[in-house]
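Asker:
Protein chains: 2
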Amino acid sequence: MGSIKKRSGCPVSSSLDIWGDKWSLLIIRDLMYAKQCTYGDFLKSEEKIATNILASRLETLEQTGVISKIVHPESKAKVLYKLTAKGIDLLPVLIEIYLWGEKNFAISDQHKKFLKEVKKDKESFIKNISASLKKHI
Amino acid sequence: MGSIKKRSGCPVSSSLDIWGDKWSLLIIRDLMYAKQCTYGDFLKSEEKIATNILASRLETLEQTGVISKIVHPESKAKVLYKLTAKGIDLLPVLIEIYLWGEKNFAISDQHKKFLKEVKKDKESFIKNISASLKKHI
DNA sequence: CATTTGTGCTTGCAAAATGCAAGTGCAAAT
DNA sequence: ATTTGCACTTGCATTTTGCAAGCACAAATG
Numbered sequence: 003m004g005s006i007k008k009r010s011g012c013p014v015s016s017s018l019d020i021w022g023d024k025w026s027l028l029i030i031r032d033l034m035y036a037k038q039c040t041y042g043d044f045l046k047s048e049e050k051i052a053t054n055i056l057a058s059r060l061e062t063l064e065q066t067g068v069i070s071k072i073v074h075p076e077s078k079a080k081v082l083y084k085l086t087a088k089g090i091d092l093l094p095v096l097i098e099i100y101l102w103g104e105k106n107f108a109i110s111d112q113h114k115k116f117l118k119e120v121k122k123d124k125e126s127f128i129k130n131i132s133a134s135l136k137k138h139i
Numbered sequence: 003m004g005s006i007k008k009r010s011g012c013p014v015s016s017s018l019d020i021w022g023d024k025w026s027l028l029i030i031r032d033l034m035y036a037k038q039c040t041y042g043d044f045l046k047s048e049e050k051i052a053t054n055i056l057a058s059r060l061e062t063l064e065q066t067g068v069i070s071k072i073v074h075p076e077s078k079a080k081v082l083y084k085l086t087a088k089g090i091d092l093l094p095v096l097i098e099i100y101l102w103g104e105k106n107f108a109i110s111d112q113h114k115k116f117l118k119e120v121k122k123d124k125e126s127f128i129k130n131i132s133a134s135l136k137k138h139i
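These protein sequence lines are chains F and U, in that order. Each residue of the first sequence is one higher than the one before, counting from 3 in the working numbering. Each residue of the second sequence is one higher than the one before, counting from 3 in the working numbering.
#1: Among residues of its own chain, excluding the 5 on either side of ILE20 of chain F, which ones have a beta-carbon nearer than 8 angstroms to its beta-carbon?
#2: Could you check whether the Cβ of PRO75 of chain F sits closer than 8 angstroms to any Cβ belonging to chain U?
#3: Tell me which same chain residues have a C-beta within less than 8 angstroms of the C-beta of HIS74 of chain U, skipping the five on either side of it?
#4: Out of F:LYS88, F:GLU104, F:LYS114, F:ILE55, which one is the CA nearest neighbour of MET34 of chain F?
#5: Could you give the distance in angstroms between the alpha-carbon of ALA108 of chain U and the alpha-carbon of TRP102 of chain U?
#6: Does the separation of the CB atoms of LYS84 of chain F and ILE139 of chain F fall below 8 angstroms?
#7: What residues in the region 58–92 of chain F bring their beta carbon closer than 7 angstroms to a beta carbon of chain U?
#8: Three-state secondary structure (DSSP) at LYS114 of chain U?
#9: Check the Cβ-Cβ distances between LEU33 of chain U and every residue of chain F, and say whether any is below 8 angstroms.
#10: Taking the DSSP output, what are the residues bridged to LEU82 of chain U?
#11: Can you give me, in chain order, the residues of the region 93–104 of chain U that have a beta carbon less than 7 angstroms from any beta carbon in chain F?
#12: If you drop the 5 nearest sequence neighbours on each side, which residues of the same chain put their C-beta closer than 8 angstroms to that of SER47 of chain U?
#13: How about HIS113 of chain U: is its C-beta nearer than 8 angstroms to some C-beta of chain F?
#14: I'd like to check one pair, SER17 of chain F with ARG9 of chain F: are the Cβ atoms closer than 8 angstroms?
#15: Does any residue of chain U have a CB that is nearer than 8 angstroms to the CB of SER132 of chain F?
#16: Taking just the CA atoms, how far does LYS114 of chain F sit from ALA57 of chain U?
#17: If you check the beta carbons only, do VAL95 of chain U and ILE128 of chain F fall under 8 angstroms apart?
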């Protein structure tokens with residue numbers, strides 16, 4: 003599991019060294035929603051990541067052990083990306099970003115509905131989704 | 003309060019549009035620790051941000067209402083940056099990143115001690131620090 | 001079997017962001 | 001009156017991003 007140049011001993015800084023950019027957490031978001039994605043699935047996301055950037059981010063996320071990659075069981079032409087346990091551990095981070103976003107931006111009913119579920123019982127929500135993702139590793 | 007080009011209606015994406023880079027959250031981290039910082043204080047941080055990047059990040063964080071800036075009450079030559087309520091709301095995000103970092107990197111005793119406090123009772127910890135930061139706005 | 005389509009990338013290149021070092025303008029200290 | 005401190009700004013080389021096109025291999029199609 004490759005590592006990356008760390009700017010300091012601060013855990014926040016070291017975390018950002020891995021996924022501190024505009025795209026990595028969106029890839030992780032997609033995987034949390036979908037449990038697994040092909041390369042093309044990521045390209046279809048609303049934000050329209052460029053294909054070379056996607057390839058680059060997937061590579062570093064894989065190298066740092068946040069996601070894993072396998073060939074699609076039903077077709078050698080496809081791949082499947084999934085979150086590792088390390089990646090699933092980012093769920094609380096994603097949830098808190100989600101909640102901050104809700105407070106500060108106009109968001110769709112779909113997202114509101116999702117967040118309503120989260121806020122009923124945040125800890126259980128995280129525990130449940132984590133468990134469900136881990137079954138799928 | 004200026005806004006920034008949003009890539010999509012997703013709250014995660016919109017949040018990252020503001021502070022999704024390698025430096026912004028470190029600035030916010032510094033402010034959470036210190037409550038207020040001068041320009042020079044940020045430059046002294048371990049990660050050694052370049053001064054032009056710092057100026058650029060401070061500007062967008064101020065424009066988006068995450069931080070505020072005043073002239074130092076004791077010297078016109080200095081400025082003071084602080085978190086706004088919107089910025090203080092990022093505390094849960096920072097804490098979760100911190101915790102993820104702890105799980106995945108070797109960290110110093112100082113950081114371990116801090117996180118031990120957090121984990122005793124995360125919710126109260128966040129509530130307390132938030133309240134203390136808000137008094138200081 | 002030959003050809004087309006789908007999938008996961010890679011490549012080339014222009015534009016933007018980053019990083020480093022030096023400079024600037026104003027305030028305050030000497 | 002001069003120097004020092006502070007908050008930036010500027011210039012420039014390097015790196016990263018974004019867009020479009022291309023490519024290799026698998027699978028579907030005729």
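Here a beta-carbon is modelled for each residue, glycine too, at the ideal position from N, C-alpha and C. Being a predicted model, the structure only gives us computed values, none of them experimental.
Answerer: Straight from the coordinates:
#1: On the first sequence, position 18 is the one that residue 20 of chain F refers to. So the qualifying residues of the chain are ILE6, SER26, THR62, LEU63, THR66, VAL68.
#2: Indexing the first sequence from 1 puts residue 75 of chain F at position 73. Taking Cβ atoms only, chain U never reaches closer than 8 angstroms to PRO75 of chain F, which makes this a no.
#3: Here residue 74 of chain U is taken as the residue at index 72 of the second sequence, counted from 1. A distance below 8 angstroms between beta-carbons, with the five flanking residues on each side excluded, links HIS74 of chain U to the following residues of its chain, in chain order: THR40, LYS80, VAL81, LEU82.
#4: Here the question's residue 34 of chain F lines up with position 32 in the first sequence. For the set F:LYS88, F:GLU104, F:LYS114, F:ILE55, the Cα lying nearest the Cα of MET34 of chain F is the one of F:LYS88.
#5: Sequence index remark: in the second sequence, residue 108 of chain U carries index 106 (1-based). Sequence index remark: in the second sequence, residue 102 of chain U carries index 100 (1-based). Straight-line Cα distance between these residues: approximately 11 angstroms.
#6: In the first sequence, residue 84 of chain F corresponds to position 82, counting from 1. In the first sequence, residue 139 of chain F corresponds to position 137, counting from 1. Closer than 8 angstroms, so yes.
#7: LYS88, ASP91, LEU92
#8: Here the question's residue 114 of chain U lines up with position 112 in the second sequence. LYS114 of chain U falls in the helix class under three-state DSSP.
#9: Within the second sequence, residue 33 of chain U is the residue found at index 31, counting from 1. So no, LEU33 of chain U is outside the interface.
#10: Looking up residue 82 of chain U in the second sequence gives position 80. Looking at the DSSP assignment, LEU82 of chain U forms a beta bridge with U:ILE72.
#11: PRO94, VAL95, LEU96, GLU98, ILE99, TYR100, TRP102, GLY103, GLU104
#12: Position 45 of the second sequence holds residue 47 of chain U. LEU28, ASP32, listed in sequence order.
#13: Start at 1 with the first residue of the second sequence, and residue 113 of chain U comes out as number 111. So yes, HIS113 of chain U belongs to the interface.
#14: Here residue 9 of chain F is taken as the residue at index 7 of the first sequence, counted from 1. Here residue 17 of chain F is taken as the residue at index 15 of the first sequence, counted from 1. Contact: no.
#15: On the first sequence, position 130 is the one that residue 132 of chain F refers to. No, SER132 of chain F lies away from the interface with chain U (no Cβ there is under 8 angstroms from its Cβ).
#16: Counted from its first residue, the second sequence places residue 57 of chain U at position 55. Counted from its first residue, the first sequence places residue 114 of chain F at position 112. Each residue's alpha carbon lies about 35 angstroms from the other.
#17: For the purposes of this step, residue 95 of chain U is identified with residue 93 of the second sequence, where counting begins at 1. For the purposes of this step, residue 128 of chain F is identified with residue 126 of the first sequence, where counting begins at 1. For VAL95 of chain U and ILE128 of chain F, no; Cβs fall outside 8 angstroms.
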